[in-house]
Amino acid sequence: MIELLVELVLVVLVLAGSGFALIAAIGVWRLPDSLMRMHASSKAGTLGGSLLFFAVAIGLGEFDPAVRALAGVAFLLFTTPIASHLIARATYLLGVPRDPSQVRDDLEGRYDLAARVCQAPPEAARAATSAASGGERPSTGAGGGAA
Numbered sequence: 046m047i048e049l050l051v052e053l054v055l056v057v058l059v060l061a062g063s064g065f066a067l068i069a070a071i072g073v074w075r076l077p078d079s080l081m082r083m084h085a086s087s088k089a090g091t092l093g094g095s096l097l098f099f100a101v102a103i104g105l106g107e108f109d110p111a112v113r114a115l116a117g118v119a120f121l122l123f124t125t126p127i128a129s130h131l132i133a134r135a136t137y138l139l140g141v142p143r144d145p146s147q148v149r150d151d152l153e154g155r156y157d158l159a160a161r162v163c164q165a166p167p168e169a170a171r172a173a174t175s176a177a178s179g180g181e182r183p184s185t186g187a188g189g190g191a192a
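Here this note's numbering is used: the first residue of the sequence shown is 46, the next is one more, and so on.
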């Protein structure tokens with residue numbers, strides 16, 4: 046009875062992992078620009094690969110392969126977000142054309158390429174300064190405020 050349950054769990058994990066890998070492949074093939082493709086491949090690929098690694102860990106039923114499979118999951122979870130962030134940053138800095146449906150560029154005018162520094166938006170900078178000082182600070186900007 047327990048063997049049947051283990052096999053059922055393995056089938057579900059393998060089918061789910063393969064399904065997410067298929068979704069990632071379709072996203073890379075069908076999405077219009079590099080940022081969307083990177084998003085599809087990193088999110089669905091990580092989840093699909095992790096599910097397949099879990100299936101291997103459960104299916105082999107031995108300690109050593111299970112530890113290696115779990116190390117593979119940890120490797121995917123730690124490296125994929127960093128790699129996708131670096132790919133997205135390089136894509137943005139190189140000026141790779143984006144899909145016209147992306148109407149807003151949050152980094153426009155705020156990223157200094159020479160210094161490699163991104164300035165916070167005015168609202169976030171004001172809130173961070175207020176929180177760091179321990180309270181509300183009088184506004185000296187054009188919005189009016191305490192004099």
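Where a beta carbon is used, it is the ideal one built from N, C-alpha and C, also for glycine.
Since this is a predicted model, take the numbers as computed values, not measurements.
With respect to G93, F120 sits apart: the two C-beta atoms are not nearer than 7 Å. Ranked by Cα distance from Y156, the options A165, G72, E107 are led by A165. Counted as a single uninterrupted DSSP element, the alpha helix (DSSP H) harbouring L139 occupies residues 108-139. Assignment of V162 by DSSP, reduced to helix, strand and coil, places it in the strand class.
At a Cβ-Cβ threshold of 7 Å, S87 and T125 count as neighbours. Annotation: the continuous alpha helix (DSSP H) that includes G94 extends over 79-105. Annotated as proximal: L115 and A102, with beta-carbon spacing under 7 Å. Bridge pairing for D157: V162 [DSSP]. Nearest to P145 by alpha-carbon distance, out of S79, E52, L53, is S79. Per DSSP, reduced to three states, the secondary structure at V59 is helical.
Looking at P167, S129, V51, the one whose alpha-carbon comes closest to that of G154 is P167.
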